Amino acid sequence: MFSALRVRSAVRDQETDAMRLKSLTHTLDLLERELIAERSGLRERCERLSATAAFAQERFESHGRENALSRRIDDMTRSMKDYTRRMAALQRQIEIVGQLRATAADLVEPGEPRKASGLRSMPEPQPLRTCLSK
Numbered sequence: 039m040f041s042a043l044r045v046r047s048a049v050r051d052q053e054t055d056a057m058r059l060k061s062l063t064h065t066l067d068l069l070e071r072e073l074i075a076e077r078s079g080l081r082e083r084c085e086r087l088s089a090t091a092a093f094a095q096e097r098f099e100s101h102g103r104e105n106a107l108s109r110r111i112d113d114m115t116r117s118m119k120d121y122t123r124r125m126a127a128l129q130r131q132i133e134i135v136g137q138l139r140a141t142a143a144d145l146v147e148p149g150e151p152r153k154a155s156g157l158r159s160m161p162e163p164q165p166l167r168t169c170l171s172k
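Residue numbering for the sequence shown follows the working numbering, beginning at 39 and increasing consecutively.
Spelled out as structure tokens, the structure:
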């Protein structure tokens with residue numbers, strides 16, 4: 039007539055939370071590696087471009103002022119500015135991933151209430167409402 043009410047085990051909940059935290063941490067690790075790799079690649083390209091632009095500028099100043107070389111120097115300058123902006127954006131994203139990692143570490147602490155710090159606080163859990171709640 040009555041079915042048994044199944045209650046979740048606290049141990050099972052902790053294991054589930056730990057598994058989710060591990061998955062989240064792994065995802066954040068992958069994301070951070072991608073961001074760092076992109077930033078490093080851009081930095082290397084920017085340094086090469088900077089050296090090339092310096093030689094081009096020297097040639098432009100010491101030899102005849104060629105229009106084609108002037109346009110090329112302008113293009114390289116624009117590219118270096120674009121690289122610099124992108125590297126700054128990537129750095130901000132890396133910092134956000136670090137904040138997310140700190141927040142994630144606060145999410146699951148055995149015996150501690152759930153909380154989040156860093157980016158924003160999580161709202162307090164509301165009582166479970168069911169069809170039998172008044």
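Cβ atoms here follow ideal geometry from the backbone N, Cα and C, with glycine treated the same way.
Quick caveat: nothing in here was measured; it's all calculated off a predicted structure.
Neighbour-count burial assignment, Ala91, 16 or more Cβ in a 10 Å radius
buried
Cβ-Cβ distance between Leu73 and Leu128 below 7 Å:
The answer is yes: Cβ separation under 7 Å.
Phe98 and Leu107: beta carbons closer than 7 Å?
Cβ atoms of Phe98 and Leu107: closer than 7 Å.
Taking DSSP as the reference, what is the three-state secondary structure of Ser61?
helix
For Met114 versus Arg77, is the C-beta spacing smaller than 7 Å?
no
Residue from Asp51, Arg123 and Ala56 whose Cα sits closest to the Cα of Ala143:
Ala56
Once DSSP output is grouped into helix, strand and coil, what is the label at Ser88?
Helix, per DSSP.
The alpha helix (DSSP H) with Gly136 in it runs from where to where?
Counting along the chain, the unbroken alpha helix (DSSP H) around Gly136 starts and ends at Asn105 to Leu145.
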